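Residue numbers (the working numbering): -7 to 101.
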């Protein structure tokens, strides 16, 4: 509820209101809106960009995002785990690829 805003959530719940794409885009319920004819290619392109990324970093990003929504302090092990991908072969590859101005090749290690 904090991400979208209480007034919008309450309006949707109390009125049973469905937001159109423009209304849902403004508060961040949607990342973007595409035409029906472009949907499949847009989904494929997004999936390809995600798949080309560093899998360890993506996995940690998902965990951190979920954890940020919990209202409790982080413990030591959680904080250490956040930085674990920085000690990986993928991290080293990402830094090297950036420095060499080339696309990285990640292996999930």
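No residue lacks a Cβ here, since even glycine has one placed at the ideal position from N, Cα and C.
All figures in this text were calculated on a predicted structure; none of them were measured in a lab.
- A Cβ-Cβ distance of about 13 Å is found for the pair residue 11 and residue 2, leaving them out of contact under the 8 Å criterion.
- In this structure, the CA atom of residue 100 is about 16 Å from the CA atom of residue 74.
- Its Cα nearest to that of residue -4, the residue 61 stands out among 83, 43, 72 and 61.
- Annotation: the segment 11 to 65 contains the following complete segments of the alpha helix (DSSP H) (minimum length 4 residues), in chain order: 13 to 17, 31 to 44 and 47 to 60.
- Contact check for residue 17 against residue 25 passes: the beta carbons are separated by less than 8 Å.
- Taken through DSSP and simplified to helix, strand or coil, residue 96 comes out as coil.
- Between residue 44 and residue 77, the CB-CB gap reaches or exceeds 8 Å.
- Under the three-state reduction of DSSP, residue -4 is assigned to coil, being neither helix nor strand.
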